[in-house]
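One structure is given here, and the rest of the page talks about it.
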DNA sequence: CCGAAGTTTCAGTATTTTCTGAAATTTGAT
DNA sequence: ATCAAATTTCAGAAAATACTGAAACTTCGG
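Protein chains in written order, with the working numbering: chain A, 1 to 181; chain B, 182 to 362.
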């Protein structure tokens, strides 16, 4: 590893825990991401000085996040891994997986909690707060879904507009006052 | 705790690790969030059966996330805690803190990596990929900043529009072809 | 300034998570 | 079918993280 790559890999290792993956997984991903060619598990284990089995686990985890793709090289039985390099594609994948793992379980817990009949004033207040949380999470979840379908270019456009989108919304509201929202 | 509140608290405890906080912190937050009145540390420790010091740590952590607010009750020296109940406010706070903790350190690492002169073809490729990642993170970071400033109503409007915003952007492009992006 | 009520720190313990190496399994060429 | 190359599983070791209780500290009324 060159010093440049090493610094990148080390950073991903350190940040891993904040991002909900562990150090090994972070480093493996970073290494694959900057590699000019697909890597096999042995090369990764060698480069990062991790056991072969640890790397195997890490690669499985990365596959479950859909952050790495499996490839086969002709005349070689080993599995090679590469990472999508398009940043927008990565963002989309991450957003989708996070929604699935971090929002959906909570949404379904909230849904069933809201079906219960409150047994006290305390419960009534609790449900009220849960309702607020539920509605927001649902809104965001659907929004993610929608955004998922936009092409990279439109997304970029939307982001670059930033706060100016507010003006646009006000304008639209005036143009089509009956359309609501 | 009523069964309803218990289920909510337990869920937050379990999800905690996925959200980058620990079980205790998740449960403390959940409890404060649904409580109809501010709670003091002793009540929390009692209700959740955690040691007083563990609760103290947890509350500090929640304060660092700006998810709970400190209050004082007249004639009582103890510190009471309550959580903002407006879902949008919570979302904003979370987005801002995550940006600060999960994106900014990476952004600055990438910035310095991109200043290096690549020492090989391998480094050149690595830098290219890092550039893509850097640009996207920066874009998102700035977008978060912008969105931060929108009021809840506009945000909700934007989200509810979902994918239809694309149409709007196309339309705008046609209306003001010279305005760029 | 004293003491009681409250909060925080911290060193040690418990728990959880990560990592390894050996064994088991799968795969595919012959 | 056989066998060697590769991958996966898994039980236990190692490391990291969370939790506790006791002691230290802070705050404020008197």
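Where is the CB? At the ideal position from N, CA and C, for every residue including glycine. Source: prediction; values computed, not measured.
(request) Specify, as a first and last residue, the run of the alpha helix (DSSP H) that residue 242/B falls within. (result) Translated into positions along the second chain, residue 242/B becomes position 61. Counting along the chain, the alpha helix (DSSP H) containing residue 242/B begins and ends at 233-245.
(request) Would you mind reading off the limits of the beta strand (DSSP E) that contains residue 70/A? (result) Indexing the first chain from 1 puts residue 70/A at position 70. That run of the beta strand (DSSP E) goes 69-72.
(request) Would you verify that the beta carbon of residue 347/B is, or is not, closer than 8 Å to some beta carbon of chain A? (result) Walking along the second chain from the start, residue 347/B turns up at place 166. Cβ-Cβ to chain A under 8 Å: yes for residue 347/B.
(message) Cβ closer than 8 Å: which chain A residues qualify as neighbours of residue 192/B?
(response) Here residue 192/B refers to the residue found at position 11 when the second chain is read from its first residue. The contacting residues are 105, 106 and 109.
(request) Could you tell me whether the Cβ of residue 120/A comes closer than 8 Å to any Cβ of chain B? (result) To locate residue 120/A, count along the first chain from 1; it is residue 120. For residue 120/A, the answer is yes, since a Cβ of chain B falls inside 8 Å of its Cβ.
(message) Tell me the DSSP secondary structure of residue 297/B in three-state form.
(response) Residue mapping note: residue 297/B aligns to position 116 of the second chain, counting from 1. In the structure shown, residue 297/B sits in coil (DSSP, three-state: anything other than H, G, I, E or B).
(message) Let me check understanding here. Comparing Cα to Cα, which of 226/B, 278/B, 225/B and 344/B lies closest to residue 245/B?
(response) Reading the second chain from its first residue, position 64 is the one you call residue 245/B. Closest option to residue 245/B, Cα to Cα, is 278/B.
(message) Quick check: the Cα distance between residue 195/B and residue 207/B, rounded to an integer number of angstroms?
(response) Against the second chain, residue 195/B aligns to sequence position 14. Against the second chain, residue 207/B aligns to sequence position 26. The alpha-carbon atoms of residue 195/B and residue 207/B are separated by roughly 8 Å.
(message) Measuring straight from C-alpha to C-alpha, what distance separates residue 119/A and residue 341/B?
(response) Start at 1 with the first residue of the first chain, and residue 119/A comes out as number 119. Start at 1 with the first residue of the second chain, and residue 341/B comes out as number 160. Using only the alpha carbons, I get a separation of about 33 Å.
(message) Rounded to the nearest angstrom, what separates residue 154/A and residue 335/B at their Cα positions?
(response) By one-based count along the first chain, residue 154/A stands at place 154. By one-based count along the second chain, residue 335/B stands at place 154. For residue 154/A and residue 335/B, the distance between alpha carbons rounds to 20 Å.
(request) Output yes or no for whether 8 Å exceeds the beta carbon distance between residue 55/A and residue 45/A. (result) In the first chain, residue 55/A corresponds to position 55, counting from 1. In the first chain, residue 45/A corresponds to position 45, counting from 1. Their beta carbons are under 8 Å apart, which means residue 55/A touches residue 45/A by this criterion.
(request) Pick helix, strand or coil for residue 291/B, following the three-state DSSP scheme. (result) As a first step, residue 291/B must be located in the second chain, where it is residue number 110. Helix, per DSSP.
(message) Can you confirm whether the segment 248-264 of chain B touches the segment 108-119 of chain A when touching is taken to mean that 3 or more C-beta pairs between the two stretches lie within less than 8 Å?
(response) no
(message) Less than 8 Å between the C-beta atoms of residue 343/B and residue 22/A, yes or no?
(response) Residue 343/B sits at position 162 when you count from the first residue of the second chain. Residue 22/A sits at position 22 when you count from the first residue of the first chain. No; because the gap between Cβ atoms is not below 8 Å, this pair is not in contact.
(request) Less than 8 Å between the CB atoms is what I'm expecting for residue 294/B and residue 321/B, so what's the real figure, rounded? (result) As a first step, residue 294/B is located in the second chain; it is residue number 113 there, counting from the start. As a first step, residue 321/B is located in the second chain; it is residue number 140 there, counting from the start. About 18 Å separates the two Cβ atoms, so there is no contact after all.
(message) Cutting at 6 Å between CB atoms, please list the residues of its own chain near residue 177/A, excluding the five before and the five after it.
(response) Here the question's residue 177/A lines up with position 177 in the first chain. The predicted position of residue 177/A is uncertain, since its pLDDT is 48 and thus under 50; no value can be drawn from it.
(message) On the DSSP letters alone, give me the boundaries of the alpha helix (DSSP H) that residue 278/B sits inside.
(response) Within the second chain, the letter at position 97 stands for residue 278/B. Here the alpha helix (DSSP H) through residue 278/B covers 268-279.
(message) Please report the straight-line C-alpha distance between residue 224/B and residue 42/A, rounded to a whole angstrom.
(response) Indexing the second chain from 1 puts residue 224/B at position 43. Indexing the first chain from 1 puts residue 42/A at position 42. Whole-angstrom Cα-Cα distance: 53 Å.
(message) Within 8 Å of any Cβ in chain A, is that where the Cβ of residue 235/B sits?
(response) Locating residue 235/B in the second chain gives position 54, counting from the first residue. No - not a single Cβ of chain A is within 8 Å of the one on residue 235/B.
(message) Within 10 Å of its beta-carbon, does residue 352/B have 16 or more other beta-carbons around it, so buried, or fewer, so exposed?
(response) Taking the first residue of the second chain as 1, we reach residue 352/B at position 171. Exposed, because fewer than 16 other Cβ atoms sit within 10 Å of the Cβ of residue 352/B.
(request) Just the C-alpha distance for residue 200/B and residue 79/A, rounded to the nearest angstrom, thanks. (result) By 1-based counting over the second chain, the position of residue 200/B is 19. By 1-based counting over the first chain, the position of residue 79/A is 79. The straight-line gap from Cα to Cα measures roughly 32 Å.
(request) Determine the chain A residues that contact residue 330/B at a beta-carbon separation under 8 Å, and present them in chain order. (result) If you number the second chain from 1, residue 330/B lands on position 149. Those within 8 Å of residue 330/B in chain A are 163.
(request) Just the chain B side, please: which residues come within less than 8 Å of residue 60/A by C-beta, in chain order? (result) In the first chain, counting from the first residue as 1, residue 60/A sits at position 60. The contacting residues do not exist; residue 60/A stays about 18 Å from chain B at best.
(request) Using a Cβ cut-off of 8 Å (strictly closer), state whether residue 82/A contacts chain B. (result) Position 82 of the first chain, counted from the start, is the residue given in the question as residue 82/A. No - not a single Cβ of chain B is within 8 Å of the one on residue 82/A.
(message) Am I right that residue 4/A and residue 304/B are in contact with their C-beta atoms under 8 Å? What's the rounded C-beta distance?
(response) The count along the first chain starts at 1 and reaches residue 4/A at position 4. The count along the second chain starts at 1 and reaches residue 304/B at position 123. Residue 4/A to residue 304/B, Cβ: 5 Å. Contact.
(request) Return no unless some Cβ of chain B is closer than 8 Å to the Cβ of residue 25/A. (result) For the purposes of this step, residue 25/A is taken as the residue at position 25 of the first chain. Chain B, which has no Cβ nearer than 8 Å to the Cβ of residue 25/A, makes this no.
(request) Step through the CB atoms of chain B and report whether any lies within less than 8 Å of the CB of residue 38/A. (result) Mapped onto the first chain, residue 38/A falls at position 38. So no, residue 38/A is outside the interface.
(message) Suppose contacts are defined by Cβ-Cβ distances below 8 Å. Is residue 24/A in contact with residue 58/A by that definition?
(response) Here residue 24/A refers to the residue found at position 24 when the first chain is read from its first residue. Here residue 58/A refers to the residue found at position 58 when the first chain is read from its first residue. Their beta carbons are under 8 Å apart, which means residue 24/A touches residue 58/A by this criterion.
(message) Taking only three categories from DSSP, how would you classify residue 150/A?
(response) Sequence index remark: in the first chain, residue 150/A carries index 150 (1-based). Coil, per DSSP.
(message) Within 10 Å of its beta-carbon, does residue 6/A have 16 or more other beta-carbons around it, so buried, or fewer, so exposed?
(response) Here residue 6/A corresponds to residue number 6 of the first chain, with the count starting at 1. Classification of residue 6/A: exposed, given that the 10 Å Cβ count is below 16.
(request) Give me the Cβ distance between residue 85/A and residue 313/B, rounded to the nearest whole Å; I'm assuming they're in contact under 8 Å. (result) Residue numbering aside, residue 85/A sits at position 85 when the first chain is read from its first letter. Residue numbering aside, residue 313/B sits at position 132 when the second chain is read from its first letter. Rounded, the Cβ-Cβ distance is 7 Å, consistent with contact.
(request) Quick one: give me the first and last residue of the alpha helix (DSSP H) that residue 199/A is part of. (result) Since the first and last residues shown for chain A are 1 and 181, residue 199/A lies out of range.
(message) Any beta carbon from chain A within less than 8 Å of residue 247/B's own beta carbon?
(response) Counting from one through the second chain, the residue named residue 247/B turns up at place 66. No, no contact with chain A.
(request) State the Cα-Cα distance for the pair residue 126/A and residue 217/B, rounded to the nearest angstrom. (result) By 1-based counting over the first chain, the position of residue 126/A is 126. By 1-based counting over the second chain, the position of residue 217/B is 36. Approximately 7 Å, taken between the alpha carbons.
(message) Given a cut-off of 8 Å on the beta-carbon distance, is the pair residue 213/B and residue 276/B in contact?
(response) Within the second chain, the letter at position 32 stands for residue 213/B. Within the second chain, the letter at position 95 stands for residue 276/B. Contact: no.
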